[in-house]
Amino acid sequence: MSSTQSKKRKFINDGVFLAELNEFLAHILAEDGYSGVEVRVTPIRIEVIIRATRTREVLGDKGRRIRELTSLVQKRFFNKSKNSVELFAERVENRGLCAMAQAESLRYKLLNGLTVRRACYGVLRHIMESGAKGCEVIVSGKLRAQRAKSMKFKDGYLISTGEPSKRFVNSATRSVQLRQGVLGIKVKIMLPTAIDTKTGLPSIYLIILLF
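Quick note: the sequence shown, position 176, residue 176 per full-length UniProt numbering, numbers continuous.
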């Protein structure tokens, strides 16, 4: 019974740790196209792989910034660990299929004064042209009038329930401070393949007719 409880505790602690690390890096690397993090533990060291659209900015001049980030992450999250910590930057090949990158892109468009409808349709078009099966963009807050409301923009096919929604839908949230108040941004992207296995939907069948 104690081993079961310890496994549960470890599972929860790992989830909390990844959430805190993700939030920490998202805050620091928001302007560098941060899109996610992966932690690999080996017997020798702990590897933290940072995924971003602009890896050159993450690395910095002669690797200076990545060394500073390594020191920060080591002190904040791995202070009691005996293993050394190394940070790596991995470039996101298709930023059109990255929900975090598109949410950040929409945020900058709104900060630059573009209307909500025009900015959202521009992001939708870019996502679909990048090969997504479907996408959804929601902007909520004080858009034009005094009363807060939300605007939803959709295109294509998007799964919202079940196990495939966890494996095929990439989502991200952001907030933007404007003169009239804070706007919330949520982007969902239906990927052509699963995030983990890179395979298609389990319920899709290809029928070939021979004449």
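Positions of the beta carbon are idealized from the N, C-alpha and C atoms, including for glycine.
Every value quoted in this text rests on a predicted model; they were computed, and no experiment measured them.
Checklist entry - By Cβ distance below 8 Å, which residues in the same chain neighbour Asn22 in space, the five residues on each side in sequence not counted? => result Along the sequence shown, one-based indexing puts residue 22 at 22. Cβ neighbours of Asn22 beyond the five flanking positions: Gly36 and Val37.
Item to check | Gly33 classed as buried or exposed, judged by whether at least 16 other C-beta atoms fall within 10 angstroms | outcome: Locating residue 33 in the sequence shown gives position 33, counting from the first residue. Its Cβ being crowded by 16 or more others within 10 Å, Gly33 is buried.
Checklist entry - Quick one: is Ser105 buried, meaning 16 or more other Cβ sit within 10 Å of its Cβ, or exposed? => result Here residue 105 refers to the residue found at position 105 when the sequence shown is read from its first residue. Residue burial annotation: Ser105 is buried, with at least 16 other C-beta atoms found within 10 angstroms of its C-beta.
Item to check | Nonlocal neighbours in the same chain, by C-beta distance under 7 Å from Ala26, ignoring five residues either side | outcome: Numbered from 1 along the sequence shown, position 26 holds the residue referred to as residue 26. Counting only Cβ-Cβ distances below 7 Å, and skipping sequence neighbours, we find Tyr34.
Checklist entry - Roughly how many angstroms separate the alpha carbons of Arg45 and Met190, rounded to a whole number? => result In the sequence shown, residue 45 corresponds to position 45, counting from 1. In the sequence shown, residue 190 corresponds to position 190, counting from 1. Their Cα atoms are separated by approximately 35 Å.
Next on the checklist: So, with DSSP's three-state summary, where would you put Leu191?
Outcome noted: Taking the sequence shown and counting its residues from 1, one reaches residue 191 at position 191. Reduced to three states, the DSSP call for Leu191 is coil.
Next on the checklist: Applying the 10 Å Cβ sphere with the 16-neighbour rule, what's the burial state of Glu136?
Outcome noted: Translated into the one-based positions of the sequence shown, residue 136 becomes position 136. When all chains shown are included, Glu136 counts as buried.
Checklist entry - How many angstroms separate the CA atom of Arg107 from the CA atom of Thr193? => result By one-based count along the sequence shown, residue 107 stands at place 107. By one-based count along the sequence shown, residue 193 stands at place 193. One C-alpha to the other measures close to 26 Å.
Checklist entry - Excluding sequence positions up to five away, which residues of its chain have a Cβ less than 6 Å from the Cβ of Leu153? => result For the purposes of this step, residue 153 is taken as residue 153 along the sequence shown, with counting starting at 1. Reading off the sequence, residue 153 comes out as Phe, not Leu. Only Cys120, Leu124 and Val137 meet the Cβ criterion.
Next on the checklist: Bridge partners for Arg91 per DSSP, in chain order?
Outcome noted: For the purposes of this step, residue 91 is taken as residue 91 along the sequence shown, with counting starting at 1. Arg91 is bridged to Ala52.
Checklist entry - Going by the beta-carbon positions, is the gap between Met128 and Val139 smaller than 8 Å? => result Here residue 128 is taken as the residue at index 128 of the sequence shown, counted from 1. Here residue 139 is taken as the residue at index 139 of the sequence shown, counted from 1. No. Outside cutoff.
Item to check | The alpha helix (DSSP H) enclosing Ala103, as first and last residue numbers | outcome: In the sequence shown, the residue the question calls residue 103 occupies position 103. From DSSP, the alpha helix (DSSP H) with Ala103 extends over Ala99 to Leu111.
Checklist entry - What do you get for Leu59, buried or exposed, if any count of 16 or more other CB atoms within 10 angstroms of its CB means buried? => result Stepping through the sequence shown from its first residue, residue 59 is reached at position 59. Label assigned to Leu59: buried.
Item to check | Closest by C-alpha distance to Val116, when choosing among Ile28, Gly141 and Ala99 | outcome: Here residue 116 corresponds to residue number 116 of the sequence shown, with the count starting at 1. Minimum Cα distance to Val116 is reached at Gly141.
Next on the checklist: Using C-beta distances below 6 Å, list every residue in its chain close to Val187, excluding the 5 sequence neighbours before and after it, in chain order.
Outcome noted: Mapped onto the sequence shown, residue 187 falls at position 187. Once the five neighbours on either side are set aside, the close Cβ partners of Val187 are Ala99, Gln102, Ala103, Val137 and Ala172.
Checklist entry - In this structure, does DSSP put residue 212 in helix, strand or coil? => result The chain is shown from 1 up to 211; residue 212 falls before or after that span and cannot be answered.
Next on the checklist: For the beta strand (DSSP E) containing Lys152, name the first residue and the last one.
Outcome noted: The residue you call residue 152 lines up with position 152 of the sequence shown. Per DSSP, Lys152 belongs to the beta strand (DSSP E) from Lys149 to Gly156.
Next on the checklist: For Ala172, report the span of its beta strand (DSSP E) as first-last.
Outcome noted: By 1-based counting over the sequence shown, the position of residue 172 is 172. Taken as a continuous stretch (DSSP letters only), the beta strand (DSSP E) holding Ala172 covers Val169 to Leu178.
Item to check | Three-state class that DSSP yields for Gly15 in the structure shown | outcome: Here residue 15 refers to the residue found at position 15 of the sequence shown. Helix at Gly15.
Checklist entry - Does the Cβ-Cβ distance between Ser130 and Leu97 come in under 8 Å? => result In the sequence shown, residue 130 corresponds to position 130, counting from 1. In the sequence shown, residue 97 corresponds to position 97, counting from 1. It is a contact, given that the beta carbons lie within the stated cut-off.
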